[in-house]
Amino acid sequence: MTDTSTSTPRLFIPALGGLYSGLSDFAQAAMRVALGGILWAHGMQKLFGAFGGLGISGNAAFFEKVGYSPGIFWGTLVGCTEFIGGILLVLGLFTRPAAAAVVIFMINGVYFTSKAGGFFWTARGSEFAILILVVAFYLLIRGSGPWSIDRKIGREF
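The numbering of the sequence shown is this note's numbering, which starts it at 55 and goes up by one.
So, in structure tokens, the structure goes:
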């Protein structure tokens, strides 16, 4: 009997094995850049009012309204986590600390959005927050990957 738990799984379409192998490093970088870009844009909304966002004062008022006081502190902290963390993730620089910060604030985000709207995003629910949390957790565990500044400087934090 062969132990299949440690062997390489057989592919349904073996001809694609080379493609999967060749793109695996790119896939990790693409996931990191996509998450970073999404977070960066949300941070721009919260801090600078870009892309139709509330800006820092509107964001502070929102945080106060939903019970996070002082709103200026919490709104700025979340905005900076998204803005700075997003840039760091895109670059692949200090990836694990940036991902850890995102994981921490997304745990709260999942709680908040679940309480507000359940699961589905159409009701302002938590599915988007859960996805961000899981991707950030993956990057926290796996690091930035080969296409990153972390790897170029030879240091995974």
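A virtual CB, placed ideally from N, CA and C, is assigned to each residue, including glycine.
| Item | Value |
| --- | --- |
| Separation of P200 from G208, as counted between CA atoms | 10 Å |
| Alpha helix (DSSP H) runs wholly inside the region 84-156, at least 4 long, in chain order | 109-119, 125-145 |
| Beta-carbon spacing of F137, G125 below 7 Å | no |
| Where the alpha helix (DSSP H) containing R205 begins and where it ends | 203-206 |
| Distance CB(L193)-CB(A153) smaller than 7 Å | yes |
| Residue environment, D204, which counts as buried when at least 16 other CB atoms sit within 10 Å | buried |
| The region 90-110 in contact with the region 60-68 per 3-pair CB rule at 8 Å | no |
| Pick from A183, V157, F159, I158 that is closest to S168, judged by C-alpha positions | A183 |
| 7 Å Cβ cutoff met for S180 and V164 | yes |
| DSSP-derived helix/strand/coil call for E210 | coil |
| Residue range of the alpha helix (DSSP H) that includes A190 | 181-196 |
| From R196, W175, T176, L77, residue whose alpha carbon lies closest to that of L143 | R196 |
| Whether F159 touches V132 by CB criterion (7 Å) | yes |
| Helix, strand or coil at S61 [DSSP, three-state] | coil |
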